[in-house]
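A quick write-up on the structure given underneath.
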Amino acid sequence: MTFGRKVTWILALLWCVMWTPAMAQTKSEVELVVLGNVQDGGSPHIGCVRPCCRNLFLRPRTERRVVSLGVMHWGQGSSVMFEATPDLPSQWAYLQEKSSGKQPSVIFLTHAHMGHYSGLMHLGREALGARGVRVAAMPRMAEFLKTNGPWSQLVDLGNIELIPLEDDVPQLALEGTVVVTPLLVPHRDEFSETVGYRIVGPNHSALFVPDIDKWTTWHRSLTEELARVDFAFVDATFFDAAEVNHRDMSEIPHPFVVETMEALDGLPVTEKAKVHFIHMNHTNPLLDPESGASQTVEKRGFHVAREGMTFGL
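In terms of the numbering used here, the sequence shown opens at residue 1233 and continues consecutively.
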């Protein structure tokens, strides 16, 4: 290589470095990671004989885990997680490996539906035999765990320690570097109340609402909540009505993805880009990144949360 070509190559390299986005150059000290994006029943789904499941029973895909988020503090080597899913062992292992072998310091629960708390079973004497894992829960959720087996055994044996939460009252996590605030949302509350979470880090913040009946029944404004955060992970259980024409939607109310996009369509591009759809049913075409539905979501300025995505907080 001639001297002139060397100089040109070095200048080009420096130009690339200068114009690389800051987020790509430096790793955020606190990061949120998507540990799962599937609805409670998982994918493939029990009893499902549709092509969306049949092929996965034959050739399982490891990235189809039930909805969960983790927040990691790289400097402390610590983490917290949101939801205790049926896939807790692998999600726990991911955070533990990224946190120098330390177990997550707190598990924040949203409600008492299968995919959001049943993973606690892995903390009992039949599995991990954990000691004092802190589980943050709202009053009805905590009472449900204390008074119903087998969950009550986790409390009685000290496998878990329940941390009380209150609606709209901030809770400190990760040595005070992250503030987590539960927000009550309307949902099928057979055994507990349901909450979403506002998660505020040193530099950025996120909204996590994996389950809600309809945005119009929430006492809060979705657009106002979006304005308060940098990222939003919101209920995308079903893409549209055609997807679930075999079910009575009054039994399983959720905002369709097409409804959410329509409601937010008038927002600036920067606001729409905050939205990451999560908690997809096994029938939801958004689970396939190559589907027409996934492409439509991206073209309209929104995003789909994919397992392994990270966001600086």
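Cβ coordinates follow ideal geometry from the N, Cα and C atoms, glycine included.
Item	Value
Delimiting residues of the alpha helix (DSSP H) encompassing residue 1322	1320-1330
Start and end residues, alpha helix (DSSP H) containing residue 1385	1383-1388
Beta-bridge partners of residue 1429, as assigned by DSSP	1414, 1440
Cβ pair count under 8 Å reaching 3, the region 1339-1351 against the region 1310-1320	yes
Coarse secondary structure for residue 1366, derived from DSSP in three states	strand
Per DSSP, the bridge partner or partners of residue 1461	Per DSSP, none; premise fails for residue 1461.
Beta-carbon separation (whole angstroms), residue 1455 vs residue 1418, contact threshold 8 Å	No, residue 1455 and residue 1418 are not in contact; Cβ-Cβ is about 17 Å, not under 8 Å.
Three-state secondary structure assigned by DSSP to residue 1393	strand
Classification of residue 1380 by the beta-carbon crowding that lies within 10 angstroms, buried from 16 upward	exposed
Integer-rounded CB distance, given that residue 1497 should sit under 8 Å from residue 1467	Residue 1467 to residue 1497, Cβ: 17 Å. No contact.
For residue 1473, the three-state DSSP class (helix, strand or coil)	helix
Element boundaries [alpha helix (DSSP H), containing residue 1527]	1524-1531
Residue nearest to residue 1488 in terms of C-alpha spacing, selected from 1474, 1499, 1501, 1414	1474
Neighbour-count burial assignment, residue 1315, 16 or more Cβ in a 10 Å radius	buried
Proximity to residue 1494 [Cα-Cα], best of 1461, 1458, 1532	1532
Which of helix, strand or coil DSSP assigns to residue 1350	helix
Spatial neighbours of residue 1423 in its chain, beta-carbon cut-off 7 Å, leaving aside the 5 residues before and after	1344, 1376
Proximity of residue 1335 and residue 1267 at Cβ, strictly below 7 Å	no
Nonlocal neighbours in the same chain, by C-beta distance under 7 Å from residue 1525, ignoring five residues either side	1471, 1517, 1518
Where residue 1376 falls: helix, strand or coil (DSSP)	helix
Residue of 1458, 1339, 1386, 1416 minimising C-alpha distance to residue 1502	1458
Whole-number beta carbon distance between residue 1342 and residue 1426, since they are thought to touch under 8 Å	6 Å
Span separating the alpha-carbon of residue 1404 from that of residue 1542	21 Å
Short Cβ contact (7 Å threshold) for residue 1262 with residue 1434	yes
Residue 1312 versus residue 1304 - alpha carbon distance	7 Å
Beta-carbon gap between residue 1462 and residue 1437 smaller than 7 Å	yes
Which of helix, strand or coil DSSP assigns to residue 1496	helix
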